């Protein structure tokens with residue numbers, strides 16, 4: 002696993018009531034028992050860590066956030082696009 | 388709303404406090420007995436250019452320890468400090484009441500916990516992040532921490548309360564209004580039990596600046612009714628009661644601490660900071676009429692007693708206006724001399740002081756009262772408390788904006 006993935010898993014574990022050590026890229030977020038408030042905290046932490054802004058609305062289904070791997074891909078995409086893209 | 392036939396009586400079965408002179412009722416009362424002041428050097432944040440450098444702060448409250456029993460509400464430790472105080476005081480009051488929450492019909496329980504200002508410290512920190520540190524966003528919990536109803540929501544979630552749950556907001560009368568409304572809901576058969584009171588925690592740089600700009604804070608200390616008094620001292624904390632319909636309490640064999648016998652409220656409708664004699668008088672008289680007792684039957688009066696020039700003279704006049712000949716006989720004290728001014732939480736903490744005075748037949752003093760202001764010429768129980776049989780106790784709360792609320796506690800129904 003690369004650095005982005007490791008950092009994201011660390012952030013997930015930080016916000017889980019019962020952190021697990023078996024989280025992989027294919028783990029579904031729904032399996033992690035992450036509630037909506039936790040998700041907001043996780044997004045906030047990821048944004049701070051990588052200096053990006055993740056477009057996300059708690060009222061909508063978040064297609065990009067199905068698995069840990071999809072979050073990692075999304076973050077990598079946003080980091081590559083740079084801070085200017087976040088404002089668009 | 389009213390369904391009751393007016394015969395339902397409301398009693399107190401649980402008390403809880405968090406104050407600068409004690410983090411629970413036992414320690415709070417022991418400090419009162421010792422005449423201890425909670426006022427100390429201001430700290431905990433950069434003081435910068437502040438000129439007022441004292442406050443009655445709570446310095447040893449650890450939410451992780453104190454709120455470790457919170458189970459249903461999982462995020463209480465991430466809440467604002469004002470919600471922590473409410474949660475801790477509520478837990479103490481609930482434990483004493485012996486009521487098992489959630490109650491059988493959770494819609495028959497209310498949770499009315501007010502706050503004068505909600506999570507102001509969270510607000511300040513969030514704005515510092517945005518405007519000074521140029522952070523791109525606030526912490527996602529910011530909004531939930533700030534809202535003035537979050538304390539009632541947290542406590543309501545923890546105890547599975549599905550009936551009326553909200554906050555009151557009337558500056559320094561907030562807690563008394565919350566307790567009064569809860570009393571009415573029980574009396575009117577809307578609910579059988581209620582957790583009611585208020586919580587406050589606003590001592591931060593911005594709040595200190597705002598109070599400083601109003602020029603009502605003392606740089607030296609809180610000395611109600613004293614000649615030397617020169618303003619109030621900001622405090623913080625929470626005071627919460629468990630209220631219950633009398634028959635409901637009796638049926639489950641609860642220990643009844645007092646009856647909530649009377650409630651009165653009135654607004655001056657005149658000025659934001661200059662109080663009238665009329666408004667407080669009306670509220671006190673209304674509470675007496677509600678309790679169906681004469682002023683002369685009040686043995687102890689916990690005054691609003693903020694130690695501002697205006698309040699203490701005005702309150703003295705209002706007491707004389709209502710109590711007439713009995714004014715010079717009633718034992719009056721301002722426990723703010725010890726707790727500082729807990730703002731919205733005042734009426735809740737002071738309700739607890741009233742009920743403890745009834746239970747222990749001892750009334751707390753007004754400390755720091757070395758030389759009385761000639762215009763404050765009643766019995767303010769100076770400096771040391773007094774053994775006194777207290778049948779009825781009155782608690783005054785008179786807020787900025789002229790918002791007055793008065794509670795009367797009496798002996799448990801025979």
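Chains as they are written, first to last, in the numbering used here: chain A, 2 to 89; chain B, 388 to 801. C-beta: ideal position from N, C-alpha, C; glycine also. Nothing here was measured: the structure is a model prediction, and the numbers come from that model.
Does residue i get closer than 9 Å to chain B when you measure Cβ to Cβ?
{"i": "residue 66 of chain A", "result": "no"}
{"i": "residue 48 of chain A", "result": "yes"}
{"i": "residue 19 of chain A", "result": "no"}
{"i": "residue 30 of chain A", "result": "no"}
{"i": "residue 38 of chain A", "result": "yes"}
{"i": "residue 89 of chain A", "result": "Residue confidence is low: residue 89 of chain A scores 43 on pLDDT, short of 50, so the model does not pin down where it sits. No coordinate-derived value is stated."}
{"i": "residue 44 of chain A", "result": "yes"}
{"i": "residue 41 of chain A", "result": "yes"}
{"i": "residue 74 of chain A", "result": "no"}
{"i": "residue 4 of chain A", "result": "no"}
Give me the Cα-Cα distance between residue i and residue j, rounded to the nearest whole angstrom.
{"i": "residue 563 of chain B", "j": "residue 502 of chain B", "result": "11 Å"}
{"i": "residue 531 of chain B", "j": "residue 552 of chain B", "result": "16 Å"}
{"i": "residue 480 of chain B", "j": "residue 400 of chain B", "result": "8 Å"}
{"i": "residue 784 of chain B", "j": "residue 760 of chain B", "result": "21 Å"}
{"i": "residue 595 of chain B", "j": "residue 23 of chain A", "result": "49 Å"}
{"i": "residue 567 of chain B", "j": "residue 585 of chain B", "result": "12 Å"}
{"i": "residue 547 of chain B", "j": "residue 627 of chain B", "result": "17 Å"}
{"i": "residue 643 of chain B", "j": "residue 42 of chain A", "result": "44 Å"}
{"i": "residue 598 of chain B", "j": "residue 637 of chain B", "result": "46 Å"}
{"i": "residue 488 of chain B", "j": "residue 543 of chain B", "result": "10 Å"}
{"i": "residue 408 of chain B", "j": "residue 578 of chain B", "result": "33 Å"}
{"i": "residue 32 of chain A", "j": "residue 396 of chain B", "result": "51 Å"}
{"i": "residue 763 of chain B", "j": "residue 749 of chain B", "result": "23 Å"}
{"i": "residue 75 of chain A", "j": "residue 455 of chain B", "result": "37 Å"}
Using a Cβ-Cβ cut-off of 9 Å, state whether residue i counts as contacting chain A.
{"i": "residue 773 of chain B", "result": "no"}
{"i": "residue 456 of chain B", "result": "no"}
{"i": "residue 451 of chain B", "result": "no"}
{"i": "residue 517 of chain B", "result": "no"}
{"i": "residue 523 of chain B", "result": "yes"}
{"i": "residue 526 of chain B", "result": "yes"}
{"i": "residue 533 of chain B", "result": "no"}
{"i": "residue 462 of chain B", "result": "yes"}
{"i": "residue 389 of chain B", "result": "A caution first: residue 389 of chain B carries a pLDDT of 45, below 50, which makes its placement in the model unreliable, though a value can still be read off. Chain A, which has no Cβ nearer than 9 Å to the Cβ of residue 389 of chain B, makes this no."}
Per DSSP, what kind of secondary structure is residue i in: helix, strand or coil?
{"i": "residue 66 of chain A", "result": "helix"}
{"i": "residue 650 of chain B", "result": "strand"}
{"i": "residue 782 of chain B", "result": "strand"}
{"i": "residue 737 of chain B", "result": "helix"}
{"i": "residue 777 of chain B", "result": "coil"}
{"i": "residue 765 of chain B", "result": "coil"}
{"i": "residue 796 of chain B", "result": "strand"}
{"i": "residue 717 of chain B", "result": "coil"}
{"i": "residue 79 of chain A", "result": "helix"}
{"i": "residue 731 of chain B", "result": "helix"}
{"i": "residue 675 of chain B", "result": "helix"}
{"i": "residue 390 of chain B", "result": "Reliability fails at residue 390 of chain B, whose pLDDT of 49 lies under 50, so the model's placement of it is uncertain and the value that follows must be treated cautiously. Here residue 390 of chain B sits in coil by DSSP."}
{"i": "residue 87 of chain A", "result": "At residue 87 of chain A the pLDDT is 48, less than 50, meaning the model places this residue with poor confidence; the figure from the coordinates comes in the next sentence. Correct three-state label for residue 87 of chain A: helix."}
{"i": "residue 401 of chain B", "result": "strand"}
{"i": "residue 531 of chain B", "result": "helix"}
{"i": "residue 660 of chain B", "result": "coil"}
{"i": "residue 464 of chain B", "result": "helix"}
{"i": "residue 437 of chain B", "result": "coil"}
{"i": "residue 791 of chain B", "result": "strand"}
{"i": "residue 641 of chain B", "result": "coil"}
{"i": "residue 424 of chain B", "result": "coil"}
{"i": "residue 545 of chain B", "result": "helix"}
{"i": "residue 801 of chain B", "result": "coil"}
Below 8 Å on the Cβ atoms is my guess for residue i versus residue j; work out the distance and round it to an integer in Å.
{"i": "residue 433 of chain B", "j": "residue 587 of chain B", "result": "Actually they do not touch by this definition, with Cβ atoms about 22 Å apart."}
{"i": "residue 645 of chain B", "j": "residue 797 of chain B", "result": "7 Å"}
{"i": "residue 73 of chain A", "j": "residue 66 of chain A", "result": "Not really, about 11 Å apart at Cβ, beyond 8 Å."}
{"i": "residue 688 of chain B", "j": "residue 717 of chain B", "result": "5 Å"}
{"i": "residue 720 of chain B", "j": "residue 650 of chain B", "result": "Their Cβ separation, rounded to whole angstroms, is 21 Å, which puts residue 720 of chain B and residue 650 of chain B out of contact at 8 Å."}
{"i": "residue 629 of chain B", "j": "residue 486 of chain B", "result": "7 Å"}
{"i": "residue 675 of chain B", "j": "residue 795 of chain B", "result": "7 Å"}
{"i": "residue 538 of chain B", "j": "residue 473 of chain B", "result": "4 Å"}
{"i": "residue 678 of chain B", "j": "residue 793 of chain B", "result": "That belief does not hold up - the Cβ atoms of residue 678 of chain B and residue 793 of chain B are roughly 10 Å apart, past 8 Å."}
{"i": "residue 779 of chain B", "j": "residue 648 of chain B", "result": "7 Å"}
Measuring only between beta-carbons, confirm whether residue i sits less than 9 Å from chain D.
{"i": "residue 574 of chain B", "result": "The chain labelled as chain D is not found among the protein chains of the depicted structure, namely A and B."}
Give, in chain order, every unbroken run of the alpha helix (DSSP H) that is at least 4 residues long and sits entirely within the segment 552-629 of chain B. The qualifying runs are 561-574 and 592-601.
Which full runs of the beta strand (DSSP E) of 3+ residues lie inside the segment 677-702 of chain B, going along the chain? Considered as a whole, the segment 677-702 of chain B harbours 687-689 as its complete beta strand (DSSP E) runs of no fewer than 3 residues, in chain order.
Unbroken stretches of the alpha helix (DSSP H), 4 residues or longer, contained in the segment 481-523 of chain B: The segment 481-523 of chain B contains these whole alpha helix (DSSP H) runs: 507-514.
Go through the segment 24-65 of chain A residue by residue and report every complete run of the beta strand (DSSP E) that reaches 3 residues or more, in order. The qualifying runs do not exist here; there are none.
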